[in-house]
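In terms of the numbering used here, the sequence shown is residues 201 to 516.
Ideal Cβ positions, reconstructed from N, Cα and C, are used throughout, including at glycine.
Given the structure is predicted, the values throughout are model-derived calculations rather than measurements.
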Amino acid sequence: MSKGRGKMKKDTNIRIGTRGSALALWQANYISKSLSKLGVKSEIIIIKTLGDKLTRGVLSQNRNRGKSFFVKEIEDALLNYEIDIAVHSLKDVPPDMPDGLILAAVAKREDPSDAYISRKGNFLDHEKRKSIIGTSSPRRIAQLKHFYPEFSFMTLRGNVETRIRKMHELKLDGIVLAYAGVKRLGRKEEITKKIPISVILPAAGQGAIAVECRKKDRKVISILKELNDRRTSIAVEVERRVLTKLEGGCQVPVGVLARWRQDTLLVSAVIASLDGKEYLKEKSVMNQNNWKKKCDDLAELLLNRGGRAILKSIRK
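Shown next as structure tokens:
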């Protein structure tokens, strides 16, 4: 489709592009309802991404491309004017975005913590020493290995429903999922307990819904500004800057979280080796005037303390 064709006219719906999973559709419908409250009509268009088609293990073999697997086809549809906006889980969106696209809105964030679901109802401290935990996230594995070195891990991919079902079928002791996703799908009662951020720092942007559009679509941008939660937007921008400076991604064991305390941001970041034996964690306090430099300083501190060597060994 040539550039300019298919542009949104004044009297047409906003076309929302999304993945087809239950969680992705929940998020797209959330944005659609938010637009409706503004008097803006919309329609949802499902786009299958490469990440939806991957076989087990492919993500781990492509550590540097993991996140783009879940957004590229949707971003291509935006650039080709096949949709007007894209709705993503922000943690799936790489910090380096394609030319011509921007994150125009970030909805108010859900709790960014990870959650533990135990097959027998035990929390981590009460699971047996040789427990087998289901997760495909190096970030989660590395941090849990640091605190629970006796645990083993089994690669587990798929949506929330699939992972819970596989936990029972494979008789795993438990699984780790993003709290926000489980809650949004109405399965909060199945969570044994939220995992403290002192044990697992979440992925940058976890729990936040992002809305992406074309830079030139001024009308769309002006509408999406009404959906943007300013404090969430700033916090996740901080997290994504730290992640960029650490050259992290969803297939690298890096966690980062920015939390507001009145007008101050408390930022924590961690880098860990895959076996959990090397574990580096630092904190920083910043505000809206100095956050960029403070983010860079925080990342550089972690890299200089040994993080650079950890990440280099993982990427070999």
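task = Identify the continuous alpha helix (DSSP H) that holds S236 and give its terminal residues.
result = Within the sequence shown, the letter at position 36 stands for residue 236. Note, S236: alpha helix (DSSP H), A222 to K237.
ask   = Along the chain, where does the alpha helix (DSSP H) that runs through I510 open and close?
value = Translated into the one-based positions of the sequence shown, residue 510 becomes position 310. Looking at the DSSP string, the run of the alpha helix (DSSP H) that includes I510 is R508 to R515.
ask   = Hey, K483 and L511: beta-carbon distance below 8 Å or not?
value = Counted from its first residue, the sequence shown places residue 483 at position 283. Counted from its first residue, the sequence shown places residue 511 at position 311. Cβ atoms of K483 and L511: not closer than 8 Å.
Top-ranked residue by Cα proximity to D314, from K330, G455 and L303 = For the purposes of this step, residue 314 is taken as the residue at position 114 of the sequence shown. Of the listed residues, the one whose Cα sits closest to D314 is G455.
task = Find out if the Cβ-Cβ distance for the pair E310, G407 is shorter than 8 Å.
result = Stepping through the sequence shown from its first residue, residue 310 is reached at position 110. Stepping through the sequence shown from its first residue, residue 407 is reached at position 207. The answer is yes: Cβ separation under 8 Å.
ask   = Under a three-way DSSP split, which group does F347 fall into?
value = Residue 347 sits at position 147 when you count from the first residue of the sequence shown. In the three-state reduction of the DSSP assignment, F347 falls in the helix class.
For A307, the nearest candidate out of E350, E389, I434 and E282 (CA to CA) = Counted from its first residue, the sequence shown places residue 307 at position 107. For the residues E350, E389, I434 and E282, the minimum Cα distance to A307 belongs to I434.
Counterpart residues of C495 in DSSP-defined beta bridges = Numbered from 1 along the sequence shown, position 295 holds the residue referred to as residue 495. Note: C495 sits in no beta bridge, so no partner.
ask   = If K366 sits next to Y379, beta carbons under 8 Å apart, how far is it from one beta carbon to the other, in whole angstroms?
value = To locate residue 366, count along the sequence shown from 1; it is residue 166. To locate residue 379, count along the sequence shown from 1; it is residue 179. With 8 Å as the limit, K366 and Y379 do not qualify as a contact, their Cβ atoms being about 19 Å apart.
query = Per the contact definition of three or more C-beta pairs closer than 8 Å, is the stretch 329-348 in contact with the stretch 281-299?
reply = The stretch 281-299 vs the stretch 329-348: no contact.
query = Who are G217's beta bridge partners in DSSP?
reply = Position 17 of the sequence shown, counting from 1, holds the residue named residue 217. For G217, which the question treats as bridged, DSSP gives the partners I245 and A286.
message = What I want to know is whether the C-beta of I216 ends up closer than 7 Å to one or more non-hydrogen atoms of the ligand GDP.
response = The ligand GDP is not among the ligands present in this structure, which contains no ligands whatsoever.
key: Distance between S234 and S242 (C-alpha atoms, nearest Å)   = For the purposes of this step, residue 242 is identified with residue 42 of the sequence shown, where counting begins at 1. For the purposes of this step, residue 234 is identified with residue 34 of the sequence shown, where counting begins at 1. When rounded, the distance between both Cα atoms is 10 Å.
task = For N229, collect the residues of the same chain with a Cβ closer than 8 Å to its Cβ; drop the 5 residues on either side in sequence, then sort them by chain order.
result = As a position in the sequence shown, residue 229 is number 29, starting the count at 1. So the qualifying residues of the chain are I244.
query = Is DSSP giving G251 helix, strand or coil here?
reply = In the sequence shown, residue 251 corresponds to position 51, counting from 1. DSSP places G251 in helix when its eight states are reduced to three.
message = From the DSSP secondary-structure annotation, give me the bridge partner or partners of T464.
response = In the sequence shown, counting from the first residue as 1, residue 464 sits at position 264. Looking at the DSSP assignment, T464 forms a beta bridge with R461.
inquiry  = Can you list, in chain order, the residues of its chain with a C-beta nearer than 6 Å to that of G334? Leave out the 5 residues immediately preceding and following it.
reply    = Walking along the sequence shown from the start, residue 334 turns up at place 134. Answer for G334: M354, L356, M367, L372 and I375, listed in chain order.
ask   = Which partner residues of K481 appear in the DSSP bridge assignment?
value = Translated into the one-based positions of the sequence shown, residue 481 becomes position 281. As computed with DSSP, K481 is found in a beta bridge with V470.
request  = Quick one: give me the first and last residue of the beta strand (DSSP E) that L377 is part of.
outcome  = Taking the first residue of the sequence shown as position 1, residue 377 is located at position 177. It spans G374 to A378 - the beta strand (DSSP E) in which L377 sits, taken as one unbroken run.
request  = Would you mind giving the Cβ-Cβ distance between K415 and L301, rounded to the nearest angstrom? I have them listed as a contact below 8 Å.
outcome  = Here residue 415 is taken as the residue at index 215 of the sequence shown, counted from 1. Here residue 301 is taken as the residue at index 101 of the sequence shown, counted from 1. In this structure K415 touches L301 by the C-beta definition: roughly 7 Å separates them, less than 8 Å.
key: Environment of G405 [buried if 16+ CB atoms lie within 10 Å]   = On the sequence shown, residue 405 is found 205 positions in, with the first residue counted as 1. Answer is buried; the Cβ neighbour count reaches 16.
query = Can you tell which of L278, N213, R339 and E426 has the C-alpha that lies nearest to the C-alpha of I400?
reply = Reading the sequence shown from its first residue, position 200 is the one you call residue 400. That would be R339, whose Cα lies nearest to the Cα of I400.
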